[in-house]
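Before any comments, here is the structure.
There are 2 protein chains.
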Amino acid sequence: MDNLSKNQQIIFDLIDKSPEPLKAYTILFNVQKKGIKAPLQVYRALDKLVEIGKIHKIESRNAFIACHNSRCQVAKATAFSICEICEKVTEISSAGLSKYLANFKDKDGMKYSKYNLEFFGLCKKCR
Amino acid sequence: MDNLSKNQQIIFDLIDKSPEPLKAYTILFNVQKKGIKAPLQVYRALDKLVEIGKIHKIESRNAFIACHNSRCQVAKATAFSICEICEKVTEISSAGLSKYLANFKDKDGMKYSKYNLEFFGLCKKCR
DNA sequence: TTACACAATGTTATATTATAACAATAACTA
DNA sequence: TAGTTATTGTTATAATATAACATTGTGTAA
Numbered sequence: 006m007d008n009l010s011k012n013q014q015i016i017f018d019l020i021d022k023s024p025e026p027l028k029a030y031t032i033l034f035n036v037q038k039k040g041i042k043a044p045l046q047v048y049r050a051l052d053k054l055v056e057i058g059k060i061h062k063i064e065s066r067n068a069f070i071a072c073h074n075s076r077c078q079v080a081k082a083t084a085f086s087i088c089e090i091c092e093k094v095t096e097i098s099s100a101g102l103s104k105y106l107a108n109f110k111d112k113d114g115m116k117y118s119k120y121n122l123e124f125f126g127l128c129k130k131c132r
Numbered sequence: 006m007d008n009l010s011k012n013q014q015i016i017f018d019l020i021d022k023s024p025e026p027l028k029a030y031t032i033l034f035n036v037q038k039k040g041i042k043a044p045l046q047v048y049r050a051l052d053k054l055v056e057i058g059k060i061h062k063i064e065s066r067n068a069f070i071a072c073h074n075s076r077c078q079v080a081k082a083t084a085f086s087i088c089e090i091c092e093k094v095t096e097i098s099s100a101g102l103s104k105y106l107a108n109f110k111d112k113d114g115m116k117y118s119k120y121n122l123e124f125f126g127l128c129k130k131c132r
């Protein structure tokens with residue numbers, strides 16, 4: 006189950022090599038030469054890759070980034086920093102943050118093992 | 006600057022009265038009788054309302070909810086819990102959480118005053 | 001007041017993001 | 001090797017969001 010299908014592999018490779026998050030239709034454009042011709046083929050692969058934790062969706066940008074953090078693969082507990090100028094996105098891998106959020110209880114005492122956190126600010130270069 | 010324009014007020018009222026987050030085209034449908042006929046009129050009002058902190062966008066759902074938390078109005082630092090079954094969304098107002106996230110530093114020592122956090126789980130009723 | 005600046009509106013068209021529905025094929029498993 | 005499930009291919013369409021341009025309203029300062 007760790008083996009990706011053909012389309013999944015093609016699309017994962019593209020995202021994994023990209024220095025920036027990729028949008029679905031950018032991906033589509035880039036894999037058309039490899040025979041993936043329809044949006045749905047892209048979205049299906051993306052869905053699966055998200056499901057198994059190989060990539061994450063940056064919700065505020067409708068874009069996808071490869072996971073480089075073993076911590077989030079199972080938990081689907083993700084955190085990113087996003088530069089509001091250059092749009093650089095970095096996955097945050099902080100044991101302290103993960104721990105804090107995983108243990109956070111709401112007013113009803115409810116805990117949440119799944120979450121998505123997006124920080125916004127300026128990256129080193131843009132500051 | 007605290008006074009909303011006509012369209013902004015109409016759309017804010019609708020969102021504010023709604024027990025659940027509303028999507029842009031649901032809003033459009035509901036305000037057509039009040040003379041707001043085009044998507045752009047809705048999106049412009051939504052943009053403004055988000056900008057001034059009267060509403061928030063639930064990014065993972067492409068939906069909008071009224072703010073009931075004075076804390077986030079300035080900071081644009083928001084947190085929500087989302088039920089994965091009934092889609093109920095609740096804004097989280099926790100001084101501890103706000104403080105922790107506002108003071109969180111990434112690997113480069115960078116702090117972020119803007120963030121959006123979405124917790125996923127099951128609400129009381131759906132558990 | 002009046003002119004200026006700026007915010008908000010109205011309108012048409014279109015771009016972008018995502019899914020429905022159905023048929024066929026490949027891969028895994030009992 | 002039949003049955004099951006995942007994956008693929010394809011066409012069409014739904015859902016979300018913005019571009020471009022013309023017009024109207026609103027606040028403010030001379």
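These protein sequence lines are chains R and L, in that order.
Be aware that the first sequence starts at 6, since it is given in the numbering used here, and climbs by one per residue.
Be aware that the second sequence starts at 6, since it is given in the numbering used here, and climbs by one per residue.
Cβ atoms here follow ideal geometry from the backbone N, Cα and C, with glycine treated the same way.
Since this is a predicted model, take the numbers as computed values, not measurements.
- Listed along the chain, the chain R residues whose CB falls inside 9 Å of the CB of I97/L are F109, D111 and K112.
- Assignment of A43/R by DSSP, reduced to helix, strand and coil, places it in the coil class.
- F85/R sits close to I97/R, with the two beta carbons spaced by under 9 Å.
- Against chain R, a Cβ distance below 8 Å from L102/L picks out F109.
- At a beta-carbon threshold of 7 Å, the residues of chain L lying near E123/R are Y120 and N121, ordered along the chain.
- For a Cβ distance threshold of 7 Å, nothing in chain L lies close to E56/R: the least Cβ distance comes to about 14 Å.
- The DSSP-derived three-state label of G58/L is coil.
- The alpha carbon of Y48/R has as its nearest neighbour, out of E92/R, I32/R, T83/R and K59/R, the alpha carbon of I32/R.
- Of the residues assessed, E123/R falls on the buried side of the cut-off, its CB having 16 or more other CB atoms within 10 angstroms.
- Judged by DSSP in its simplified three-state form, S86/L adopts strand.
- Listed by position along chain R, the residues whose Cβ is nearer than 8 Å to that of S86/L are D111, M115 and Y117.
- Judged by DSSP in its simplified three-state form, F109/R adopts coil rather than helix or strand.
- In terms of CA proximity to I70/L, D21/L leads the group L102/L, F125/L, D52/L and D21/L.
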